[in-house]
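Visitor: Handing you this structure, nothing more for now.
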Amino acid sequence: GACVAANRRQSEATRRVAIVHEYGHFLTQRFRARVTLAGHHERRPKQERLADAFSRAFLIPAAGLRRRFHEIYRSREGTPTSADIYRLAHFYFVPVETMTLRLQDLKLLAAGTLRSLQRSSPPPQEEEGKQTRSADIIVPPRYLFLAAEAYEQGDLSEEQLARLLHVDRLEARRLADRYASFLEPLPHLGAA
Numbered sequence: 203g204a205c206v207a208a209n210r211r212q213s214e215a216t217r218r219v220a221i222v223h224e225y226g227h228f229l230t231q232r233f234r235a236r237v238t239l240a241g242h243h244e245r246r247p248k249q250e251r252l253a254d255a256f257s258r259a260f261l262i263p264a265a266g267l268r269r270r271f272h273e274i275y276r277s278r279e280g281t282p283t284s285a286d287i288y289r290l291a292h293f294y295f296v297p298v299e300t301m302t303l304r305l306q307d308l309k310l311l312a313a314g315t316l317r318s319l320q321r322s323s324p325p326p327q328e329e330e331g332k333q334t335r336s337a338d339i340i341v342p343p344r345y346l347f348l349a350a351e352a353y354e355q356g357d358l359s360e361e362q363l364a365r366l367l368h369v370d371r372l373e374a375r376r377l378a379d380r381y382a383s384f385l386e387p388l389p390h391l392g393a394a
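Per this note's numbering, the very first residue in the sequence shown carries number 203; after that it's consecutive.
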């Protein structure tokens, strides 16, 4: 039978993708012995690309993702943000990189979007192996993004933001600044 090991030091979302990736290998190459050495190929081998595509399609079904993306697209008048990608990743319980690649696979985001996301620092929940602050644990990322957006638009005062996030005003301002950087529009291909 098959055996898959997952690294407990990685986030649960990353482990899920890795396990489904290996399941893709099992389905397509179960009778073929293989050893994969990371970093020994300039271009990923065909079987690795297939397993990557399988894991994205398995964990993030196209129909549901398209529907949710178009809802975001309409609500933002055609300008999805990094925060929207993080919220979708959180909804599907996958890493942001996986979500971005799936959106690019479906031609909903422009190629190269992942590079622009990687240049910006991730929100605290996405940092693997690092301690998160108490506010980041108390409220879900979707809530933090929405609160930061409301604060940036002037719909919430600093005091209201602090009360909603269960932190002092200084920490509320720090979180709002951190999450506001993810509210910039992303390059996209339109309502495909």
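Even for Gly, the Cβ is constructed at its ideal location relative to N, Cα and C.
With DSSP as the reference, label residue 283 as helix, strand or coil.
Guide: The residue you call residue 283 lines up with position 81 of the sequence shown. In the displayed model, residue 283 falls within a strand according to three-state DSSP.
Visitor: In its own chain, which residues sit with a C-beta less than 8 Å from the C-beta of residue 222, not counting the 5 before and 5 after it?
Guide: For the purposes of this step, residue 222 is identified with residue 20 of the sequence shown, where counting begins at 1. Taken in chain order, the residues that qualify are 256, 257, 260, 261.
Visitor: Would you tell me roughly how many angstroms separate the C-alpha atoms of residue 334 and residue 233, rounded to the nearest one?
Guide: To locate residue 334, count along the sequence shown from 1; it is residue 132. To locate residue 233, count along the sequence shown from 1; it is residue 31. Note that residue 334 scores a pLDDT of 41, beneath 50, so its modelled location is shaky; the value from the coordinates is reported in the next line. Cα to Cα, residue 334 sits roughly 43 Å from residue 233.
Visitor: Around the C-beta of residue 368, are 16 or more other C-beta atoms found within 10 angstroms, so that it is buried, or is it exposed?
Guide: Here residue 368 refers to the residue found at position 166 when the sequence shown is read from its first residue. Exposed: under 16 other Cβ atoms inside 10 Å.
Visitor: Quick one: grab the DSSP three-state call for residue 311.
Guide: Reading the sequence shown from its first residue, position 109 is the one you call residue 311. Of the three classes helix, strand and coil, the one that applies to residue 311 here is strand, per DSSP.
Visitor: Relative to the C-alpha of residue 267, which residue among 300, 248, 279 is closest?
Guide: If you number the sequence shown from 1, residue 267 lands on position 65. For residue 267, the closest alpha carbon among the candidates 300, 248, 279 is that of 300.
Visitor: Counting along the chain, where does the alpha helix (DSSP H) carrying residue 271 start and finish?
Guide: Here residue 271 corresponds to residue number 69 of the sequence shown, with the count starting at 1. Counting along the chain, the alpha helix (DSSP H) containing residue 271 begins and ends at 264-277.
Visitor: Could you tell me which residues DSSP pairs with residue 387 in its beta bridges?
Guide: For the purposes of this step, residue 387 is identified with residue 185 of the sequence shown, where counting begins at 1. Note: residue 387 sits in a beta bridge opposite 283.
Visitor: Could you tell me the alpha carbon to alpha carbon distance between residue 384 and residue 378, rounded to whole angstroms?
Guide: In the sequence shown, the residue the question calls residue 384 occupies position 182. In the sequence shown, the residue the question calls residue 378 occupies position 176. Answer to the nearest angstrom: the Cα atoms are 10 Å apart.
Visitor: Enumerate in chain order the residues of its own chain whose CB-to-CB distance from residue 250 is below 6 Å, with the five nearest sequence positions on each side excluded.
Guide: The residue you call residue 250 lines up with position 48 of the sequence shown. No residues qualify anywhere along the chain.
Visitor: Could you pull out every residue in the same chain whose Cβ sits closer than 6 Å to the Cβ of residue 271, ignoring the five residues on either side in sequence?
Guide: Translated into positions along the sequence shown, residue 271 becomes position 69. Answer for residue 271: 310, listed in chain order.
Visitor: Beta-carbon within less than 6 Å of residue 204's beta-carbon, same chain only, minus the 5 sequence neighbours each way: which residues are those?
Guide: Here residue 204 is taken as the residue at index 2 of the sequence shown, counted from 1. Excluding residues within five positions, the ones whose Cβ falls inside 6 Å are 228.
Visitor: Relative to the alpha-carbon of residue 213, which residue among 288, 295, 226 has its alpha-carbon at the smallest distance?
Guide: In the sequence shown, counting from the first residue as 1, residue 213 sits at position 11. Of 288, 295, 226, the residue nearest in Cα terms is 295.
Visitor: Any idea if residue 370 is buried or exposed, counting beta-carbon neighbours within 10 angstroms, 16 or more meaning buried?
Guide: For the purposes of this step, residue 370 is taken as residue 168 along the sequence shown, with counting starting at 1. Result: exposed.
Visitor: By a C-beta neighbour count over all protein chains shown, 10 Å radius and 16 as the cutoff for buried, is residue 289 buried or exposed?
Guide: Position 87 of the sequence shown, counted from the start, is the residue given in the question as residue 289. By the neighbour-count rule (16 or more Cβ atoms within 10 Å), residue 289 is buried.
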